[in-house]
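Asks:
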Amino acid sequence: MDKKEHIIRQIAKTNKKNYENYVVTRIINLINDPDLKFITQQPVILSKGKRALTDLYFPQIDFHIEIDEAHHKNQKDADIEREADIINATNHIIKRIDVDCDINSINLHVDNLVSEIKKAVEAKRRNNEFVPWDIEAEYKSETYIERGYIDLDDKVAFKRIVDACNCFGLDFKGYQRAAANHPIEKDVCLWFPKLYENNDWDNKIADDGKIIIEKKKDGNKEFVEKYLFDSSKYPRKRIVFARVKDSLGDIMYRFKGFFEVNEDLSIRDHAVVYERTATRVKTYSSEGARINSK
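The opening position of the sequence shown corresponds to residue 12 in this note's numbering, with each subsequent residue numbered one higher.
1. Give a yes or no on whether the C-beta atoms belonging to LYS106 and HIS75 are separated by under 9 angstroms.
2. According to DSSP, simplified to helix, strand and coil, what is PHE203?
3. Looking at the secondary structure, which residues open and close the alpha helix (DSSP H) in which THR154 lies?
4. Considering only residues of the region 191-257, which uninterrupted alpha helix (DSSP H) runs meet the minimum length of 4 residues and lie entirely inside it, listed in chain order?
5. Look up ILE262 in the DSSP assignment and give the residues it is bridged to.
6. Considering only residues of the same chain and omitting the five flanking positions on each side of TRP212, which have a CB-CB separation below 8 angstroms?
7. Are the CB atoms of CYS176 and TYR186 within a distance shorter than 9 angstroms?
8. Helix, strand or coil for TYR186 per DSSP?
9. Please name the residue in THR290, VAL272, ARG291 and ALA289 whose C-alpha comes closest to that of GLU283.
10. Okay, do the region 38-56 and the region 254-264 touch, 3+ Cβ pairs below 8 angstroms being the bar?
11. Give the range of the beta strand (DSSP E) segment to which GLU109 is assigned.
12. Short of 6 angstroms in beta carbon distance, which residues of its chain neighbour LYS166, apart from the five on each side in sequence? Order them along the chain.
13. Can you pull the DSSP bridge partners for HIS75?
14. Have a look at ASN43 and GLU77 and give me their C-alpha separation to the nearest angstrom.
15. How long is the line joining the alpha carbons of GLU153 and CYS178, rounded to whole angstroms?
16. So for ASP162, helix, strand or coil by DSSP?
17. Hey, could you find the ends of the alpha helix (DSSP H) ARG37 is sitting in?
18. Spatial neighbours of LEU163 within its chain, please: CB distance less than 6 angstroms, with the 5 preceding and 5 following residues excluded, ordered by chain position.
19. In angstroms with no decimal places, state the Cα-to-Cα distance between LYS221 and ALA191.
20. For VAL292, collect the residues of the same chain with a Cβ closer than 6 angstroms to its Cβ; drop the 5 residues on either side in sequence, then sort them by chain order.
21. In or out: ARG287 buried (at least 16 other Cβ within 10 Å) or exposed?
22. Buried or exposed, going by whether 16 or more other CB atoms sit within 10 Å of the CB of ALA168?
23. For the alpha helix (DSSP H) that contains VAL167, what are its first and last residues?
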């Protein structure tokens with residue numbers, strides 16, 4: 012998928028929402044910056060497992076926009092609570108545009124907001140913190156191998172398990188399993204779990220992303236006992252890429268951090284409990300893996 016396809020598919024999600032479509036397309040056209048990525052109807056995980064969708068999101072500047080139509084005037088308290096929940100969950104900026112007014116007022120709101128977005132981007136550029144949107148590089152192993160690390164703040168997600176594996180010195184042509192041994196850091200494995208209930212597992216990740224609970228539906232007691240007492244078979248440290256759906260409904264493997272088993276919590280909760288201990292992991296080339304293995 013190239014930028015054109017991404018933009019068309021994102022805009023298409025607003026097609027049956029007339030006010031949202033007008034505001035979103037006007038914002039994007041006025042910004043006119045092909046280096047700035049945007050997402051419509053961005054999912055946000057809130058407290059207590061709730062989910063919200065924000066109308067427009069710019070991930071490079073952590074900036075959300077909510078478009079308030081007439082019915083929002085009857086739910087102001089709920090909107091304020093929802094906005095506070097989103098801010099607490101993400102630490103992002105949220106701005107609102109009231110469209111229950113005349114067209115000149117809407118356009119003025121949009122113009123002011125576009126100016127604010129441009130200033131935020133420019134501030135990032137001045138501080139050398141802005142990473143231009145490169146949709147091809149975004150999903151390539153080579154991007155992160157050259158950088159030397161993957162960081163949680165970069166919101167890294169891969170389309171294929173093999174692309175994540177190859178960031179750590181592996182040289183796979185294809186790979187479909189849910190875990191792979193790290194070729195250099197021998198006590199670490201790469202893990203690609205479904206962090207939601209499925210046929211065999213009832214896995215969960217905490218709202219703040221710091222705890223993962225792995226629980227087997229059938230034979231969980233035996234699984235937990237084996238895991239905790241056989242570290243040679245079950246590595247205690249894991250680099251996690253969770254299986255998720257992106258904003259367009261495509262399957263992705265999103266980096267969640269570096270996790271280690273917490274044995275006390277595992278015994279208490281009758282499950283394998285992992286605690287996030289780092290938000291950045293080192294990447295390796297396949298050549299580096301060969302040198303380290305000698």
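Glycine is no exception: its CB is placed at the ideal position from the N, C-alpha and C atoms.
Replies: The short version:
1. For the purposes of this step, residue 106 is taken as the residue at position 95 of the sequence shown. For the purposes of this step, residue 75 is taken as the residue at position 64 of the sequence shown. Yes, the Cβ-Cβ distance between LYS106 and HIS75 is below 9 angstroms.
2. In the sequence shown, counting from the first residue as 1, residue 203 sits at position 192. Reduced to three states, the DSSP call for PHE203 is coil.
3. The count along the sequence shown starts at 1 and reaches residue 154 at position 143. Start and end: 152-158.
4. DSSP runs (the alpha helix (DSSP H)) wholly in the region 191-257: 231-240.
5. Sequence index remark: in the sequence shown, residue 262 carries index 251 (1-based). Answer is LYS256, bridged to ILE262.
6. In the sequence shown, residue 212 corresponds to position 201, counting from 1. The residues are PRO204, LYS205, GLU225, LYS226, LYS227 and LYS228.
7. Along the sequence shown, read from residue 1 onward, the residue named residue 186 stands at position 175. Along the sequence shown, read from residue 1 onward, the residue named residue 176 stands at position 165. Closer than 9 angstroms, so yes.
8. Position 175 of the sequence shown, counted from the start, is the residue given in the question as residue 186. DSSP places TYR186 in coil when its eight states are reduced to three.
9. As a position in the sequence shown, residue 283 is number 272, starting the count at 1. The residue asked about is misnamed: residue 283 is Val in this sequence, not Glu. The shortest C-alpha separation from VAL283 is found at VAL272.
10. yes
11. Counting from 1 along the sequence shown, the entry for residue 109 is found at position 98. The sequence given here has Asp at residue 109, not Glu. First-last of the beta strand (DSSP E) with ASP109: 104-109.
12. If you number the sequence shown from 1, residue 166 lands on position 155. Within the same chain, PRO70 come within 6 angstroms of LYS166 by CB-CB distance, once the 5 residues on both sides are set aside.
13. Here residue 75 refers to the residue found at position 64 of the sequence shown. According to DSSP, HIS75 bridges with TYR68 and ILE105.
14. Residue numbering aside, residue 43 sits at position 32 when the sequence shown is read from its first letter. Residue numbering aside, residue 77 sits at position 66 when the sequence shown is read from its first letter. ASN43 and GLU77: Cα-Cα distance of roughly 20 angstroms.
15. Your numbering for residue 153 matches position 142 in the sequence shown. Your numbering for residue 178 matches position 167 in the sequence shown. GLU153 and CYS178: Cα-Cα distance of roughly 7 angstroms.
16. Residue numbering aside, residue 162 sits at position 151 when the sequence shown is read from its first letter. Correct three-state label for ASP162: strand.
17. Counting from 1 along the sequence shown, the entry for residue 37 is found at position 26. Start and end: 29-42.
18. Against the sequence shown, residue 163 aligns to sequence position 152. Excluding positions up to five away in sequence, the list reads GLY268 and THR290.
19. Indexing the sequence shown from 1 puts residue 221 at position 210. Indexing the sequence shown from 1 puts residue 191 at position 180. So the two alpha carbons sit approximately 22 angstroms from each other.
20. Reading the sequence shown from its first residue, position 281 is the one you call residue 292. Hits under 6 angstroms: ILE161, ILE250 and PHE269.
21. In the sequence shown, counting from the first residue as 1, residue 287 sits at position 276. The residue is buried, with at least 16 neighbouring Cβ atoms inside 10 Å.
22. On the sequence shown, position 157 is the one that residue 168 refers to. That one is buried.
23. Translated into positions along the sequence shown, residue 167 becomes position 156. Premise fails: VAL167 is in no alpha helix (DSSP H) and is neither H nor E.
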